[in-house]
Amino acid sequence: MTATRIDGKAFAAQLRDRVGKDAAEFETRAGRKAGLAVVLVGEDPASQVYVGSKGKATVAAGMASFEHKLPADASAEDLLALVDRLNSDPSVDGILVQLPLPGHLDEQSIISAISPDKDVDGFHVINAGRLSVGQSGFVPCTPLGCMMLLTDRLGDLSGLEAVVIGRSNIVGKPMAQLLLDANATVTIAHSRTKDLPGVVKRADIVVAAVGRPEMVKAEWLKPGATVIDVGINRLPPEPGTEKGRLVGDVAFDEASEIAGAITPVPGGVGPMTIAVLLRNTLVAAYRNEGLDVPEDL
Ligand code: NAD
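Throughout the sequence shown, residue numbering follows numbering that gives the first Met the number 0, covering 0 to 296 in sequence.
1. Where do the N-terminal and C-terminal ends of the beta strand (DSSP E) with K32 fall, by residue?
2. Let's test the definition: count the other Cβ atoms within 10 Å of the Cβ of R84 and tell me whether it reaches 16, buried, or not, exposed.
3. According to DSSP, simplified to helix, strand and coil, what is V264?
4. Does the region 84-101 come close enough to the region 117-129 to have 3 or more Cβ pairs within less than 8 Å?
5. Any heavy atom of ligand 1 inside 7 Å of the beta-carbon of N279?
6. For V132, verify whether its CB is less than 7 Å away from any heavy atom of ligand 1.
7. Rounded to a whole number of angstroms, what is the C-alpha to C-alpha distance between V48 and A36?
8. Report yes if the C-beta distance between A181 and I164 is below 8 Å; otherwise report no.
9. Using alpha carbons as the reference points, say which of G41, A59, H67 and N86 lies closest to A23.
10. Evaluate the contact criterion for the region 1-13 versus the region 248-267: three or more CB pairs, one atom per stretch, below 8 Å.
11. Where M174 and S87 are concerned, what is the direct C-alpha to C-alpha distance, given to the nearest angstrom?
12. Where D294 and V185 are concerned, what is the direct C-alpha to C-alpha distance, given to the nearest angstrom?
13. In three-state terms, what does DSSP make of S64?
14. How long is the line joining the alpha carbons of L281 and L195, rounded to whole angstroms?
15. Does DSSP put R306 in a helix, a strand or coil?
16. Going by beta carbon distance, what residues of the same chain come within less than 6 Å of V275, once the five residues before and after it are set aside?
17. Based on Cα-Cα distance, which residue from I125, V215, S52 and L296 lies nearest to M250?
18. Grouping DSSP H, G and I as helix and E and B as strand, with all else coil, what is D105?
19. Answer yes or no: do A11 and P270 have a C-beta to C-beta separation smaller than 8 Å?
20. Whose CA, out of R17, A29 and K8, lies closest to the CA of G289?
21. What would DSSP say about T225, mapped onto helix, strand or coil?
22. Taking 5 Å as the limit, name every residue whose beta carbon sits nearer than that to some heavy atom of ligand 1, in sequence order.
23. Could you tell me the distance, in whole angstroms, from the CA atom of V38 to the CA atom of L79?
24. Give every residue of the same chain whose Cβ lies closer than 8 Å to the Cβ of L69, excluding the five residues on either side of it in the sequence, and list them in chain order.
25. When you compare only the Cα positions, how much space is there between A283 and A56?
26. In three-state DSSP terms, what is N182?
27. Measuring only the C-alpha atoms, how far is A161 from N232?
If you want it as structure tokens, here you go:
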């Protein structure tokens, strides 16, 4: 292997340490803890795990965690009433409604009900708009985490060719926007892109956010490229094992022979997402209290 392994786990641990220190400072100055409310509707096992680990991480960073669980058949009115209460609760700085919601609930209308200044997931159209026009708001956690890893590794991204594979509202589009803001030359590739290997070959920076196991091959990469693998895919179990391996959207072993630096899966982008959620929550808290946001966040 020639590529540097970008250690997202270690980077995320450092970010969480900084958040912890700044959260203590916030508590001293504001006379209360910063608070994150997480809303879970229904009993989806994966969502329960995510909500549990977000709550634990919030408390570990010295912030208050408020978990709200509604039954799977909760009505839109019930959920909107809860969001409304959280919007006006001064001890709540960030509100996160765990997705996916049960099918009878319209995700976009629920997200639109969250106050944009408490929308620490950055999914509200106001925050998407702010990102698009360069105003400060909240940026979705996963792409912001990718951006932190990229600038840590590369410094100034001006003029670099970046290819983002995937155009979802939560990863691909905000990722492309962040890269554009950093003066990269950005291409967004997607399921209808012609000659994807040829497009990727131009890139100094590749961000893969597709959800297809090991799709990006070594021969697609420009030698020395920096590769950020957002994908989390579980392979079918091998005979004699219960669970299949977790892999990204990039064929890690072969790509490591060509890339300059690459994030592993697991241990790359994944750990950044919760760390950035904590960071966004604390930023919301400082803003909500009218205090200057610490520069190390
Ligand atoms: P999505 O399904 O919303 O979007 C996938 C995108 O990939 C689409 O825009 C589609 O156009 C594109 N695509 C599909 N097939 C393609 C192909 N053959 N060639 C090129 N592009 C193709 O997914 P998402 O929510 O953006 O997530 C993408 C991946 O990232 C998933 O594996 C998801 O699990 C993972 N993810 C990880 C984290 C994390 O914390 N690490 C967070 C969010 C998502």
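Each residue gets a CB set at the ideal place from its N, CA and C atoms; glycine is no exception.
None of the values given here were measured: they were computed from a predicted structure.
In short:
1. On the sequence shown, position 33 is the one that residue 32 refers to. Unbroken run through K32: none, as it is neither H nor E.
2. Reading the sequence shown from its first residue, position 85 is the one you call residue 84. R84 comes out exposed.
3. In the sequence shown, the residue the question calls residue 264 occupies position 265. The answer is coil: DSSP assigns V264 none of H, G, I, E or B.
4. yes
5. In the sequence shown, residue 279 corresponds to position 280, counting from 1. Every heavy atom of ligand 1 is 7 Å or more from the Cβ of N279, so no.
6. As a working note, residue 132 is residue 133 in the sequence shown. Result no, Cβ not under 7 Å from ligand 1.
7. For the purposes of this step, residue 48 is taken as the residue at position 49 of the sequence shown. For the purposes of this step, residue 36 is taken as the residue at position 37 of the sequence shown. Distance between the alpha carbons of V48 and A36 is about 16 Å.
8. The residue labelled residue 181 in the question sits at position 182 within the sequence shown. The residue labelled residue 164 in the question sits at position 165 within the sequence shown. Not a contact, by the Cβ cut-off of 8 Å.
9. The count along the sequence shown starts at 1 and reaches residue 23 at position 24. Nearest option by C-alpha distance: A59.
10. yes
11. Residue 174 sits at position 175 when you count from the first residue of the sequence shown. Residue 87 sits at position 88 when you count from the first residue of the sequence shown. Rounded to whole angstroms, M174 to S87 spans 31 Å at the Cα level.
12. Within the sequence shown, numbered from 1, the residue matching residue 294 stands at position 295. Within the sequence shown, numbered from 1, the residue matching residue 185 stands at position 186. Correcting the residue type first, residue 294 is Glu in the shown sequence and not Asp. Looking at the two C-alpha atoms, the distance is approximately 27 Å.
13. As a position in the sequence shown, residue 64 is number 65, starting the count at 1. Correct three-state label for S64: strand.
14. Here residue 281 corresponds to residue number 282 of the sequence shown, with the count starting at 1. Here residue 195 corresponds to residue number 196 of the sequence shown, with the count starting at 1. C-alpha separation (whole angstroms): 39 Å.
15. Residue coverage of the chain in this structure runs from 0 to 296, which leaves residue 306 outside it and unanswerable.
16. Here residue 275 is taken as the residue at index 276 of the sequence shown, counted from 1. Within the same chain, V275 has close Cβ partners C140, L143 and G144.
17. In the sequence shown, counting from the first residue as 1, residue 250 sits at position 251. The sequence shown places Ala at residue 250, not Met. For A250, the nearest C-alpha among the options comes from V215.
18. Within the sequence shown, residue 105 is the residue found at index 106, counting from 1. Residue state, collapsed to three classes: coil.
19. Within the sequence shown, numbered from 1, the residue matching residue 11 stands at position 12. Within the sequence shown, numbered from 1, the residue matching residue 270 stands at position 271. Result yes, Cβ atoms of A11 and P270 sit closer than 8 Å.
20. In the sequence shown, the residue the question calls residue 289 occupies position 290. Residue A29 is the option with its Cα nearest to G289.
21. Start at 1 with the first residue of the sequence shown, and residue 225 comes out as number 226. Strand, per DSSP.
22. T141, G165, R166, S167, V170, H189, S190, A208, V209, G210, V229, G230, I231, V268, G269 and T272
23. Counted from its first residue, the sequence shown places residue 38 at position 39. Counted from its first residue, the sequence shown places residue 79 at position 80. Using only the alpha carbons, I get a separation of about 11 Å.
24. Numbered from 1 along the sequence shown, position 70 holds the residue referred to as residue 69. Cβ within range, chain order: V38, L39, V40, G41, D77, L78 and L81.
25. On the sequence shown, residue 283 is found 284 positions in, with the first residue counted as 1. On the sequence shown, residue 56 is found 57 positions in, with the first residue counted as 1. Those two C-alpha atoms are separated by around 17 Å.
26. The residue you call residue 182 lines up with position 183 of the sequence shown. Of the three classes helix, strand and coil, the one that applies to N182 here is coil, per DSSP.
27. One-based indexing of the sequence shown puts residue 161 at position 162. One-based indexing of the sequence shown puts residue 232 at position 233. Going by the C-alpha atoms only, they are around 23 Å apart.
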